[in-house]
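Report on the structure given below.
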Amino acid sequence: MEPDTQTYPRATTPPAPLTLDRREGPFGEVVLRERGEHFEIIANGCFLMDTSDGRSERLLIDAALGALPAGRTGPSVLIGGLGVGFSLVRAAEEERWGRIVVVEREQAIVDWHRQGPLDRISGAALADPRTEVVHTDLVAHLRTATERYDALCLDIDNGPDWTVTEDNGSLYSPTGLAHCHDRLTPGGVLAVWSAQPSPAFEQALRNAGFTRVRTEEVAVARGVPDVVHLASRSL
4 MEPDTQTYPR ATTPPAPLTL DRREGPFGEV VLRERGEHFE IIANGCFLMD
54 TSDGRSERLL IDAALGALPA GRTGPSVLIG GLGVGFSLVR AAEEERWGRI
104 VVVEREQAIV DWHRQGPLDR ISGAALADPR TEVVHTDLVA HLRTATERYD
154 ALCLDIDNGP DWTVTEDNGS LYSPTGLAHC HDRLTPGGVL AVWSAQPSPA
204 FEQALRNAGF TRVRTEEVAV ARGVPDVVHL ASRSL
């Protein structure tokens, strides 16, 4: 028998993360880490997101735009959570958006994008004249603001069933969803990112008066898919 001379790739150990910055803010600790070629954001010890795969964050923007009524010109979008910047970058790449507002409560994350390592991802998008960054808590902003948007694209947690901080749970409550509904123009779209499907949240959206409730999935290598929950305000 001929000897087996075929070579097989060796299993590689993922590189250890390198902490680039660690800060205590009003909502707890946030950490920026570098792992090989990618960055990670950790909030209160909970993995929030990284730069290894931005498909679902981009879908958050694309699905919302695609669900708007045909013929709507220069729509405005509010992005809840700057994160690693993928959703903002996707919005800035699309010339149809007329105004892009990003609400981010963690000053550290804003700094990482404006003066830190994440500038390489979002620098051009932040410099886009359509982009405005609002440093405030999203839940409070939706409750107190009077402006309406054509789309709300929210990604501040690992999903409605897995919040990063306890206060965020109110966003997915009947009162929080009512605030989202009020902040949308007629025909406007609410898009919510989640690390797993949530039939209970779909029903909560219907109970809150939203129409065209549906879920789009992004398959992942292992485990349940990332999803974007979509719902519309009636015309």
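Sequential numbering from 4 applies to the sequence shown in my numbering. For glycine and all other residues, C-beta sits at the position ideal for the given N, C-alpha and C. All values derive from a computational prediction rather than experimental measurement.
- Message: Rounding to the nearest angstrom, what Cα-Cα distance links Y11 and P18 in this structure?
- Response: Note that Y11 scores 44 on pLDDT, short of 50, meaning its location in the model is unreliable and no value can be drawn from it.
- Item | Cβ shell of V167 (< 8 Å), same chain only, five flanking positions each side left out | So the list reads A46, N47, C49, L51, I159, D160, N161, once near-sequence residues are dropped.
- Buried versus exposed, by CB contacts within 10 Å (16 or more), H138: Classification for H138: exposed.
- Task: Please classify N210: is it buried, with 16 or more other beta-carbons within 10 angstroms of its beta-carbon, or exposed?
- Result: So N210 ends up on the exposed side.
- Which runs of the alpha helix (DSSP H), 4 residues or longer, sit entirely within the region 52 to 121? If one requires a minimum length of 4 residues, the alpha helix (DSSP H) runs lying completely within the region 52 to 121 are 58 to 70, 89 to 96, 110 to 117, in chain order.
- Task: Please list, in chain order, all residues of the same chain as D122 whose beta carbon is under 7 Å from its beta carbon, the five residues on each side excluded.
- Result: So the list reads H116, once near-sequence residues are dropped.
- Message: Within the continuous beta strand (DSSP E) that includes E40, where are the two ends?
- Response: Looking at the DSSP string, E40 is not in any beta strand (DSSP E), and its letter there is neither H nor E.
- Pairwise C-alpha distance: R36 and E150: So the two alpha carbons sit approximately 35 Å from each other.
- Task: Would you kindly report the start and end of the unbroken beta strand (DSSP E) that includes L193?
- Result: 187 to 197 is the extent of the beta strand (DSSP E) around L193.
- Using beta-carbon positions only, say whether G101 and T76 come within less than 9 Å of one another. Result yes, Cβ atoms of G101 and T76 sit closer than 9 Å.
- Continuous beta strand (DSSP E) assignments of at least 3 residues falling wholly in the region 128 to 155: For the region 128 to 155, whole beta strand (DSSP E) runs of length 3 or above, ordered along the chain, are 134 to 138.
- Spatially closest choice to I82 from L68, P72, A73, by CA coordinates: For the residues L68, P72, A73, the minimum Cα distance to I82 belongs to L68.
- Contacting residues, own chain, Cβ-Cβ under 7 Å from A66 (five flanking each side not counted): These residues qualify, in order along the chain: A194, E219, V231, L233.
- Task: With a threshold of 8 Å, establish whether the CB of G162 neighbours any heavy atom of the ligand NAP.
- Result: The ligand NAP is not part of the structure shown, which contains no ligands of any sort.
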